Each structure stands twice: as C-alpha cells, then as structure tokens.
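>
Chains as they are written, first to last, in the UniProt record's numbering: chain G, 1 to 344; chain F, 1 to 344; chain X, 1 to 344; chain R, 1 to 344.
Rendered as structure tokens:
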C-alpha cells in the first residue's frame with residue numbers, strides 16, 4: 001500500500017530532485033507540495049521554475065502548492081521530505097513534529113543534536129532508534145531523521161569500509177560541484193576558469209557529521225567515532241558530482257587490494273532506492289570522474305578509485321552525485337528505511 | 001651587458017611563455033630558438049602556432065628556427081632554457097652540456113639526480129654549488145640546473161615558511177589547470193563539466209622534489225628533508241593556475257597568525273623576475289582563486305589563504321601560475337641566479 | 001525477425017554512440033564491429049576507449065573487432081552503419097557496396113553525389129529511390145544512403161515546415177558543441193572561456209546539403225531547392241547539442257503563430273527510433289537550450305523557440321543533439337527506413 | 001590640466017571597470033564615487049566587492065563613497081560617468097543634468113531619445129552637437145551623452161566600414177559573454193555546458209541603436225540609417241568578449257578583399273583611450289576568438305575575420321571586449337571626446 005508523502009520546500013533545486021525521484025516510486029505517493037507564502041495557492045508549474053533535465057510530471061504540474069505549515073498539509077500525509085533552507089527548517093520543522101508528522105530532512109539544522117538520528121541506511125540504520133529518545137525528550141508524536149551533508153555522504157561509505165582496519169586520521173579535500181550551492185548559489189563569473197577554496201561551514205560539517213555517522217549507539221546515545229577528520233573544501237566548475245581526495249591513516253596493515261575488497265564487499269541494503277552495490281571501485285586510476293560516473297546506480301552509488309598505499313595507510317578518490325545520493329535521494333532512502341523499520 | 005640566451009623547444013606552450021617572459025628582459029637577449037627537425041629552417045612565426053594572449057614579438061617572428069643540436073646553436077649563446085619533453089631532454093641535454101652550455105631546464109628528467117641542483121632561488125639558492133660536484137662527476141664544461149614541477153613549486157615556498165615550526169607530515173591535494181598538460185594535453189570532452197583524479201607521475205614528483213628542495217646541502221650532497229609528503233593530484237576545468245589544499249603537521253605550536261606571519265615574512269630574492277614578496281597571504285578565506293590571483297607579481301608570486309589550525313598543525317590553500325612561476329618563469333629565475341652567482 | 005547489422009569504425013566517438021543506440025534495439029542485432037588494423041583481433045573493450053556515460057554492454061565488450069574490409073565482415077550481416085572518417089570512407093565504402101552490403105553512412109563523402117540519397121526519413125524518404133539510379137550507374141548490388149551533417153539536420157526540419165510559406169533566403173548561425181569534432185577534436189585550451197568562429201567545411205555543407213534534402217525528386221534526379229542558404233558556423237564550450245539562430249525570408253505572409261503551428265504539426269514517421277513529434281516548439285523564448293533540451297525524444301527530437309516576425313519573414317532558434325539526431329541516430333533511422341521500405 | 005570626474009554607480013561590475021580604466025588616465029582625475037544609500041559613507045573598499053583582476057588602487061580603496069545625488073557630489077567635479085542600472089539612471093540622471101553636470105552614460109535609458117547623442121567617437125562624433133538641441137529642449141545646463149549597448153558597439157564599426165558599399169540588409173547573431181549581464185547576472189547552473197538563446201531587450205537595442213549611430217545628422221536631428229538590421233542574441237559560457245556573426249547585403253559589388261581593406265583603413269580618432277587602429281582584420285579565418293583577442297588595443301580595438309562573399313554581399317565575424325569597448329571604455333572615450341570638443 002502506498003505511503004502518502006509531502007515535500008517541504010518543493011520549488012527549489014532539491015525539491016525538484018525530490019519530485020524527479022518520487023515519480024514512479026514503488027512505495028511513495030506524492031500528495032503534498034509546500035513552498036513559501038508567495039507560491040501558496042499556485043499550480044506547481046507556475047510556482048516553480050523547473051530546471052531538471054526531465055520534463056515535469058503532468059500530474060505534479062497541476063498540483064496546488066500550499067504553505068509550509070502543518071495546518072495546510074493534509075492529515076492523510078504520512079511522511080514529509082524537507083529541503084528547506086536550514087534557517088527556515090529550524091523554525092518550521094518542530095511545528096510539523098509536534099503535529100505528529102514523520103520528517104526525513106535534508107536541512108542541516110539539528111544534524112548534530114544528540115537526540116536526532118543522522119543516518120545513511122547502509123551505514124548506521126540502527127541509529128534510527130534515537131527516535132525513542134527524541135520522543136521522550138521532546139514530547140513529539142512525530143519523528144525527525146536527518147541525512148548528512150552531500151560532501152559527508154560522498155566520503156563516509158568508504159571510511160566505513162576502512163573502519164575494520166582501524167580508521168585513525170583522515171585528511172580529505174573536496175572538489176565540489178556548483179549545484180551543491182543551489183541553482184543560484186554560484187555565479188558564472190565566479191567559477192568559469194576558476195575554483196573557490198572555501199565553502200562556508202562545509203568543513204566543519206564533514207569533520208563532525210562523519211564521526212556521528214560512524215559512531216556507536218548504545219540505545220541511548222551515539223558516541224562519536226574517535227577518528228580525527230580534517231577537511232578542506234573547494235568549489236570547481238562542475239555541474240553535479242562531488243569528487244574527494246582522501247588520505248586515511250590506518251592502525252592495522254592493509255594493502256590497496258585489501259582496501260578495494262573491503263569497499264567492494266561493503267554490504268548494501270534492500271531498499272527500493274538503494275544501489276545493488278554501495279561502492280563501485282574502479283581499477284582505472286583516472287576514475288571516478290564526475291561527469292562520467294555520477295549517475296552510477298541512478299545517482300545513488302558511491303564510486304572510488306586510485307587506491308594507493310601511503311606510509312601510514314592509504315589514499316584514494318571517491319565520488320557521489322551531490323543532489324541525488326547527497327541530498328534528495330538520501331532523504332528518500334531514509335524515508336524508505338523509516339517505512340521498512342515500521343516507524344510509519 | 002646582455003647575456004645571450006636560447007630556448008630549446010621554442011615552439012611549444014612553455015617555449016612560447018619563455019618568449020613572452022624574455023621580451024624586454026633587462027639581462028637576457030634572445031639569440032637562438034630550437035625545435036624539432038620538421039621546424040628547423042622555418043621562420044618562428046611559421047614554425048609555431050602562437051597561442052599566447054600577447055602578440056608575438058616582431059623580431060622573434062622573423063627569427064629562423066634551428067634544430068635542437070649543439071652544432072646549430074651559436075657559440076655566442078651563453079645560456080639555454082629548456083622546455084623539451086622530458087624523454088627528448090634526457091637524450092639531448094647531455095649533448096649541450098658536453099658542448100659547454102649552461103642549461104636551465106624545466107624538463108622533468110634528472111631532477112632527482114644527486115649531482116643536479118633542483119632550485120627555487122628564494123628557497124635553496126645554495127644548492128647551485130652542486131654544479132661543482134656535477135662537473136667533477138660528469139666531466140661537463142657546462143652546467144645543468146633544474147626547476148621543479150609546477151605543482152611542487154606552488155607548495156614548497158609555503159612549506160619552507162613552515163619549516164621553522166618543525167615541518168613533519170604533509171597531505172596535499174591539487175586542483176590543477178589544463179595548461180599544465182600542454183596545449184593539446186587535455187581535450188575539451190575530457191574536462192568540461194568534469195574533473196580527473198589522476199595526473200601521471202605528478203604525485204611522486206611532489207613527494208620527492210619537495211624534500212630535495214627543502215633538504216640541506218653540505219657542499220657535497222643534498223640530504224632530503226625528512227618530512228613525509230603525501231600528494232593527490234587532480235585536473236580541473238581551469239586554464240591556468242594550480243590551487244592546492246595543504247594539511248601540514250607541525251612539531252611545534254604555531255597559531256594561524258604565526259603561520260601567516262612566517263609566510264608573509266619569508267625572504268624574497270633580488271633578481272629581475274622575482275616578486276617583491278614571495279608569498280602573498282590573503283585574509284579573505286575565499287582566496288586565492290586561480291583566475292583572480294594567478295597573475296600576482298606578473299605570475300611569479302605564490303599566494304596562500306584560509307589558514308586554520310588543525311589538531312596537529314595547520315591547513316591552508318596555496319596557488320601559483322603553473323606556466324609562469326611553475327615552468328618558464330622558474331627557469332628564467334634560475335637563469336638569473338646563475339648570472340648573479342657568476343656561473344655565466 | 002532481427003536484421004543483423006555491423007558498424008564500420010566502431011571504436012570512435014560516433015561508433016560508441018551507435019553501440020549505445022543499438023543496445024536493446026527492436027529490429028537491429030549488432031553482429032560486427034570493424035576498426036583499423038591496429039585494433040583488429042582485439043576484444044572491443046580493449047580496442048575502444050569507452051567514453052559514453054552508460055556502461056559498455058557486456059556482450060559487446062567481449063566481441064572481437066575485425067578489420068574494415070568486406071572479407072572480414074560476415075555474409076550474414078545485412079546492413080552496415082558507417083562512422084568512418086570521410087577520407088577513409090571514400091576509399092572503403094565502395095568495396096562494401098561492390099560486395100553487396102547496404103550501407104547507412106554518416107561520413108561526409110558523397111553526400112552531394114547525384115545518385116546517392118541524402119535522407120532524413122521525416123523529410124524526404126522518397127529520395128531513397130535514388131538507390132535504383134545508383135545501382136544502374138555504379139553496378140553495385142548493395143546500396144549507399146547518407147545522412148546529412150549534424151548542423152544541417154538541426155535546421156532542416158524547421159525549414160521543411162516553413163516551406164509551405166515559400167522559403168526564400170536563409171541566414172543561419174550555429175553555436176556548435178565540441179563533441180561534433182570528435183572526442184579529441186577540440187582541446188580544452190582552445191575552448192574554455194572562448195569560442196571559435198570557424199569549422200572547416202561546415203558552412204558549405206549546410207548551404208548545399210539543406211537544398212538537396214528539401215529538393216524535389218522526379219524518380220531520376222534531385223533538383224536542389226532554390227532557396228539561398230547562408231551559414232556561419234561557430235564552436236562554443238558546450239559538450240553536446242547544436243544551437244542555431246535562423247533568419248528565414250518567406251515569400252508569403254506567415255505570423256509567428258502560423259510558423260509555430262507549422263512546426264508542431266509537421267508530420268513525423270512511424271519508425272522505432274523516430275520521436276513521436278519531430279519538432280517541439282517552446283513558448284518560453286529562452287529555450288531551447290543545449291543542456292536542458294538535447295535529450296528530448298531520446299536525443300532524436302528537434303526543438304525550436306523564440307519565433308518572431310522580421311521584415312521579410314521570421315527568426316527563431318533551433319536545437320538538436322549532434323551525435324544522436326545529428327549523427328549515429330540519423331544513420332540508425334535511415335537504416336530503419338531501409339528496412340521499412342524493403343531495401344533490406 | 002586634469003578634468004575631475006566622478007562615477008555614478010561605482011561599486012558594480014562596470015563601475016569597477018571605470019576605476020580600472022581611470023587609474024593613471026592622462027586627463028581624468030577620479031574625484032567622486034557614488035553608490036546606493038546602503039553604501040554611502042563607507043570607504044570604497046568596504047562598499048564594493050572588488051572582482052577585477054588588478055588590485056584596487058590604494059587611493060581609491062580609501063575614498064569615501066557618497067549617495068547618488070547631485071548634492072553629494074562636489075561642485076568641482078566636471079564630468080560624471082554613469083553605470084547605473086537603467087531604471088535608476090532614468091530617475092537620477094535628469095537631476096544631475098539639471099544641476100549642470102555633464103554625464104557620459106552607459107545606461108540604456110534614453111539612448112534612442114531624439115535629443116540625446118548616442119556616439120562612438122570614431123563613427124559619429126558629429127552627433128555630439130545634439131547637445132545644443134538637448135539644452136534647448138530640456139533647459140539643462142549640463143549635457144547627456146550615451147554610448148550604445150555592448151553588442152551594438154561590437155558590430156557598428158564594421159558596418160560603418162561597409163557603408164561605402166551601400167549597406168542594405170544585415171543579419172547578425174551574437175555569442176555574448178556572461179559579464180554582459182553583470183557579475184551576478186548569469187548563474188553557473190544556467191550556463192556551464194549550455195547556451196541561452198535569449199537576452200531580454202538586446203535584439204531591439206542592436207536593431208535600433210545601430211541605425212542611429214550610422215544615421216546622418218543635419219544639425220537638428222538624426223535620421224536613422226535605412227539599413228534593415230535583424231539581430232538574434234545568445235549567451236554562451238565565455239567570460240568576456242562578444243563574438244558576432246554578421247551577414248551584410250551590399251548594394252554595390254565588393255570583394256572580401258575590398259571589405260577587409262575598408263575595415264583596416266577605417267579612420268581612428270586621436271583620443272587617449274582610442275586604439276591606433278579601430279578595426280583589426282585577421283587573415284586567419286579561425287579568428288577573432290574571445291579569449292585570445294578581446295584585449296587587443298587594451299580592450300578598445302574591434303576585431304574582424306572570416307570575411308567571405310555571399311550571393312548579396314559578405315559575411316564575417318567580429319569581436320570586441322564587452323565591458324571595456326562595450327561599456328566602461330566606451331563612456332570614457334565619449335568623455336574624452338567631450339573634452340576634446342570643448343563641452344567641458
């Protein structure tokens with residue numbers, strides 16, 4: 001039976017990706033679209049400037065957009081995906097949770113809150129039980145689950161695969177696509193024939209979120225993984241797909257072949273949007289490349305390549321599609337996990 | 001009095017930069033241009049497909065190109081700049097050295113040879129005395145000096161500034177411009193909306209050349225610096241200017257302010273092509289950027305920015321123009337040092 | 001029943017597109033792959049550097065590549081698609097025709113030969129009967145059909161729709177993608193932050209091929225359409241999709257609405273690779289755009305937009321995917337027409 | 001003796017170009033910088049986000065920005081350059097004119113007003129005498145001169161050179177750089193791997209402004225040139241430099257050589273910012289190219305190339321730097337003409 005879902009902030013870039021991913025979804029049926037007051041009351045096709053490279057689905061085009069308020073979203077909606085700007089989300093998400101909605105949110109607020117599960121289903125599905133703690137502490141009927149930042153998601157599956165070798169120190173440098181800043185986030189004058197060595201707040205997100213994702217959960221709280229993560233974030237003139245260069249110090253010996261095997265064999269999860277294999281490992285050291293590899297597994301697979309030994313561990317590159325695996329697809333996958341685990 | 005110079009491999013991309021830099025040079029007078037046999041005998045303007053963004057100098061346009069052979073370059077030429085492909089240079093440079101020419105070479109062969117000085121004048125001018133060792137061992141009348149790879153030069157001045165704080169481990173990831181691969185090196189289909197996480201041989205060059213440049217010289221040999229350098233090299237859709245993200249572990253405490261001061265105060269050198277200040281440090285954490293900052297100091301200054309503390313030291317970004325400070329300008333500066341130190 | 005097909009020049013950029021388009025084709029079964037002698041005998045995955053953004057089909061990856069010679073292609077192959085360089089095609093295609101093969105060729109040689117049909121199935125399918133003339137004159141058992149150049153195909157469907165209003169003079173300027181020059185055709189140094197106002201031979205192709213495509217066929221020869229076509233061709237930093245600005249003088253009055261209707265209603269054709277509608281007309285004057293619209297109709301639909309009246313007719317923009325509708329897909333569609341019309 | 005000048009709208013992209021061009025100007029001394037109320041009272045370096053690739057001049061960095069109001073600009077300023085948005089300019093420029101200032105404006109308002117001279121000094125310096133008419137009609141003490149739109153300026157010098165052959169009909173298609181839309185005008189998501197076939201209002205500007213520039217002036221009014229100009233405007237992923245493909249019908253016979261000679265010999269003007277030669281004509285049909293040729297004549301020279309005969313005249317390409325010759329430099333040159341002609 002279909003689960004009725006809504007999108008909070010449906011007109012933006014990530015909102016449009018949600019609509020694209022939910023078209024023909026086997027479980028979710030799109031039943032509500034919210035946006036700011038200026039758009040409320042309009043048909044979706046009037047409210048949104050559609051920029052995704054597949055046509056807007058006909059039935060969605062005609063749907064009426066409502067305000068981002070619990071009173072405007074129908075009672076028969078079971079799950080909300082949120083792609084609101086984090087400042088807006090910080091104000092509005094609690095209203096939906098008090099009203100009893102389950103929210104799978106891509107917004108960055110509250111990701112590090114002790115009682116909010118931050119999950120990648122293949123990595124730490126068990127953290128979802130933080131919802132019990134959350135309900136106790138906040139008195140909410142609903143439930144709030146977050147997915148990490150796009151640059152964090154790209155790296156963490158590979159780090160999880162390395163953890164069996166004693167993950168110790170990590171140095172990661174990102175080459176991030178412009179879509180990560182939203183449709184209007186990076187001007188052409190800023191980025192053509194250029195690169196920008198700074199993305200506000202991004203490094204701290206990578207350094208903290210990754211340790212929560214890899215942390216252990218004892219039923220009451222998540223203990224951050226004790227690896228030291230150092231991140232340097234750069235924007236480059238690429239449309240989609242974050243490429244990252246990782247150096248990982250390992251406590252135990254592991255050859256590049258061991259590491260490749262650990263990545264390839266890292267278990268996936270049986271959910272509709274999950275790729276068959278979580279991490280694809282290239283033999284060709286010139287891969288992964290953003291344009292060629294971002295759509296592997298319909299944009300949900302992570303790729304790695306160029307694995308080489310260093311004095312203290314390994315270095316390699318990894319890649320994921322930042323607005324699919326790194327944003328809208330991440331929230332949808334968390335939504336599927338919520339259904340699978342019986343929270344909806 | 002003018003020093004008469006020649007360019008080995010004058011028609012290629014770096015060769016053209018040499019011509020641009022030598023136009024109106026206060027010391028050097030361009031007297032010989034060599035190229036492959038196919039070009040020998042032609043006027044330079046016929047032999048080269050000129051692609052630099054300043055017009056080809058009139059007198060150079062009419063000069064006859066000769067073969068890359070000592071018998072074709074006049075005896076009255078005192079110094080040769082080499083931008084030959086390394087496989088060609090490995091064969092041809094010894095001929096010129098036996099014939100008594102002084103060669104300042106940008107080609108990558110022999111950079112790590114124990115008796116070949118690898119120099120950046122501001123960093124290790126004293127290594128030039130390896131020429132004595134070289135002459136003893138090889139029996140050459142001439143002298144061979146190398147400058148490091150473009151990606152190495154971008155980083156090493158900043159590492160040299162950090163060395164007073166006990167430089168220990170370095171993790172560097174590069175975002176390199178397409179011009180580093182030569183004019184035809186990267187196709188547009190390969191790099192538009194893309195990035196390539198591999199540049200053949202580049203990582204090893206950075207990891208070894210940097211330790212030689214920072215090494216100590218006792219008059220007989222260079223002891224490599226004992227820092228561990230780990231490099232990951234990427235190509236991005238930028239025309240000129242390599243941007244690098246560096247993490248440096250330091251043995252001693254140093255705040256970002258200490259590091260910024262050490263970089264700003266790192267001594268320059270009094271040579272015609274040297275910038276007044278070797279390293280410009282930006283306060284603005286979104287700088288340096290390749291397009292905005294590569295031409296600082298006429299392309300000879302290194303920039304740094306985004307200096308932040310890490311658990312074991314600092315992280316920061318640095319930038320240099322890869323075909324000026326990182327190639328042709330590097331060789332010219334070494335040539336100026338050779339004159340200054342009396343080797344010519 | 002499946003028609004067995006081969007690809008002449010299967011390892012190049014267009015050859016790879018052929019393989020992508022023929023995977024899961026309802027009528028064609030790929031049975032032969034040819035390449036230069038250097039590749040003959042290798043498995044396809046070894047011979048080709050695969051650069052298309054979908055994985056190489058497993059069965060094709062293992063196929064053995066043979067030389068581009070009739071003796072090497074099996075007798076049981078019914079139809080050959082050719083994406084050979086035109087100089088090679090001019091030498092080799094006649095051998096295949098003498099040997100009795102039917103060849104649907106994308107190569108530019110012989111497109112304007114009086115006895116060679118140059119066809120776009122929706123525009124001038126009836127020209128296919130030139131094959132009778134061709135066989136009479138050349139004594140071939142086989143048959144040679146050509147599709148036009150990518151820049152011609154982009155424009156001609158819209159001109160065909162205008163012809164009812166008395167197409168008179170045409171001025172067209174192209175903004176062409178780099179893939180039109182082949183994978184290695186345009187270097188990144190040539191085109192990033194740049195445009196090139198010249199593509200060798202392209203303007204003449206547009207000016208002549210379009211008049212043959214729109215010409216009338218009396219069963220014996222094609223009379224060129226008497227419109228005057230003036231073309232100016234430019235390369236821009238876009239990967240795929242040629243955008244063209246057209247000014248068309250019309251003998252009769254036609255409003256932009258008349259023209260839009262004529263384009264929308266222009267009849268398609270019932271062939272497997274043909275789009276439902278040949279020309280999509282946008283209301284939004286900022287469309288079509290290469291990245292957003294090149295994949296309409298799986299890359300086989302032409303788009304138009306920005307239709308406005310001029311003193312003597314109309315101006316508008318049009319777009320098509322240059323390596324699908326403009327190359328490999330064009331040949332496949334001609335192949336489907338050959339089957340449909342009973343030539344195979 | 002120096003003429004003291006001010007810039008209206010000094011913090012924007014064109015405003016920054018004005019500052020760059022006025023640094024070390026032989027005649028003009030920069031004495032006033034205006035911006036919106038939000039910036040008034042700040043030092044220029046605080047008010048403007050400096051993005052030009054030369055450092056901000058030290059003395060300008062410290063200058064105080066004032067409001068865009070005649071009462072705030074000193075009486076000792078003789079000439080104002082305006083780069084205000086046209087809607088703001090339409091409101092504010094009259095205030096300055098009533099207050100007696102001479103204004104050389106790049107803003108698009110009033111360009112086609114019958115009593116406002118629209119001038120390119122090399123083309124129609126004599127139109128400046130419209131100032132007499134303007135003063136009569138408007139009762140202003142000051143004087144308002146406009147320069148045309150960047151896309152118009154690129155083409156008009158070449159059309160002026162053709163006029164001796166009876167310029168009749170023109171079809172022009174532009175490939176315009178993103179800087180033409182201002183620093184934030186085109187997002188990276190809009191233009192990377194893309195092109196946009198529409199620039200609001202641009203085609204009409206080219207079609208009308210060019211006829212005014214080429215029109216004849218009888219001392220009382222300008223009669224528009226009777227050529228028919230048809231324009232189609234496109235945005236491409238280029239930073240600076242508009243490239244245009246022109247088809248010109250000519251009443252008289254003129255070979256490509258005649259046309260090239262007419263362009264080369266078109267007279268320049270003796271003003272400080274004017275190039276020695278107005279139009280550079282390339283023999284190489286692959287030129288002009290934006291990145292290679294936009295800085296010819298310090299960005300003030302127009303380039304042409306690819307001249308070929310058509311049935312009714314010629315076709316060719318032309319190029320100019322859109323924010324120098326096409327904007328700030330155009331206003332500065334008009335300012336120099338105002339001084340030369342004694343209006344200041």
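All C-beta atoms, glycine included, are put in the ideal place defined by N, C-alpha and C.
Here the structure is a predicted model, which means the values were calculated and not measured.
#1: Where do the ends of the alpha helix (DSSP H) carrying residue 346 of chain G lie?
#2: Taking 8 Å as the CB-CB cut-off, is residue 196 of chain R touching chain X?
#3: Checking 8 Å against the spacing of the C-beta atoms, do residue 104 of chain R and residue 8 of chain R come in under that value?
#4: Would you kindly work out how many angstroms separate the C-alpha atoms of residue 217 of chain X and residue 131 of chain X, rounded to a whole number?
#5: Please work out which residues of its chain come closer than 7 Å, Cβ to Cβ, to residue 186 of chain F, disregarding the five sequence neighbours upstream and downstream, and give them in chain order.
#6: Would you say residue 189 of chain G lies against chain X (beta-carbon separation less than 8 Å)?
#7: So which residues on chain G does residue 285 of chain R lean against when the C-beta distance must stay under 8 Å?
#8: Counting only beta-carbon separations shorter than 8 Å, does residue 310 of chain F have a partner in chain G?
#9: I'd like to check one pair, residue 310 of chain G with residue 242 of chain G: are the Cβ atoms closer than 8 Å?
#10: Only counting the same chain, and skipping five residues up and downstream in sequence, which positions put a Cβ closer than 8 Å to that of residue 135 of chain F?
#11: Residue 213 of chain F and residue 324 of chain F look like a contact to me (Cβ under 8 Å); what is the Cβ gap, rounded to whole Å?
#12: Under 8 Å, Cβ to Cβ, is there at least one residue of chain R near residue 295 of chain F?
#13: At a CB distance below 7 Å, what residues from the segment 228-250 of chain X approach chain R? Give them in sequence order.
#14: Where do the N-terminal and C-terminal ends of the alpha helix (DSSP H) with residue 44 of chain R fall, by residue?
#15: Looking at the unbroken alpha helix (DSSP H) that takes in residue 262 of chain G, where does it start and where does it end?
#16: So, is the C-beta of residue 179 of chain F closer than 8 Å to a C-beta in chain X?
#17: Relative to the alpha-carbon of residue 11 of chain R, which residue among R:77, R:42, R:205, R:100 has its alpha-carbon at the smallest distance?
#18: Indicate whether the contact test is met: 3 or more Cβ pairs, each with one atom in the segment 67-81 of chain F and one in the segment 92-110 of chain F, closer than 8 Å.
#19: Identify whether residue 310 of chain X lies in helix, strand or coil by the three-state DSSP scheme.
#20: So, residue 273 of chain R versus residue 332 of chain R, is the Cβ gap smaller than 8 Å?
#21: Would you kindly work out how many angstroms separate the C-alpha atoms of residue 171 of chain X and residue 190 of chain X, rounded to a whole number?
#22: Below 8 Å between beta carbons is the criterion; list the residues of the UniProt domain "Semialdehyde dehydrogenase NAD-binding" (4-131) of chain X that meet it against any residue of chain G, in chain order.
#23: Using CA coordinates, which residue listed in R:340, R:278, R:17, R:13 is at the minimum distance from residue 368 of chain R?
#24: Have a look at F:296, F:176, F:253 and flag the residue whose alpha-carbon is nearest the alpha-carbon of residue 233 of chain F.
#25: Assuming residue 297 of chain G and residue 267 of chain G are in contact, meaning their beta carbons sit under 8 Å apart, how far apart are those beta carbons, in whole angstroms?
#26: Report the option in R:133, R:194, R:157 whose CA atom is closest to the CA atom of residue 237 of chain R.
#27: In the segment 141-159 of chain G, which residues sit with their C-beta less than 7 Å from some C-beta in chain F, listed in chain order?
#28: For a contact meaning CB atoms closer than 8 Å, what does residue 292 of chain G contact in chain X?
#29: Give the residues of chain R in contact with residue 324 of chain F, contact being defined as C-beta atoms less than 8 Å apart.
#30: If distances are taken between C-alpha atoms only, which option among R:226, R:205, R:60 comes closest to residue 163 of chain R?
#31: Taking 8 Å as the cut-off, does the segment 52-72 of chain X touch the segment 18-37 of chain X (at least 3 CB pairs, one atom from each stretch)?
#32: List, in order along the chain, the chain X residues whose C-beta lies closer than 7 Å to that of residue 306 of chain R?
#33: Comparing C-alpha positions only, which one of F:259, F:206, F:47 sits nearest to residue 62 of chain F?
#34: Please classify residue 335 of chain R as buried or exposed, where buried requires at least 16 neighbouring CB atoms within 10 angstroms.
#35: In the DSSP assignment, what residue or residues form a beta bridge with residue 222 of chain X?
#36: Return helix, strand or coil for residue 208 of chain X, following the three-state DSSP convention.
Short version:
#1: Lying before the first or after the last residue shown, residue 346 of chain G is absent from chain G, which here runs from 1 to 344.
#2: yes
#3: no
#4: 12 Å
#5: 178, 235
#6: no
#7: Result: empty, since nearest Cβ-Cβ is about 25 Å, beyond 8 Å.
#8: yes
#9: no
#10: 141, 143
#11: 18 Å between Cβ atoms; not a contact.
#12: yes
#13: 228, 230, 232, 234, 236, 237, 238, 239, 243, 245, 247
#14: 44-47
#15: 256-264
#16: yes
#17: R:42
#18: yes
#19: coil
#20: yes
#21: 27 Å
#22: 51, 53
#23: Nothing about residue 368 of chain R can be read from this structure; chain R reaches only from 1 to 344.
#24: F:176
#25: The Cβ separation is near 15 Å, so there is no contact.
#26: R:194
#27: none
#28: 51, 53
#29: In chain order: nothing, as chain R lies at least about 15 Å away.
#30: R:226
#31: yes
#32: 197, 198
#33: F:47
#34: buried
#35: X:217
#36: helix
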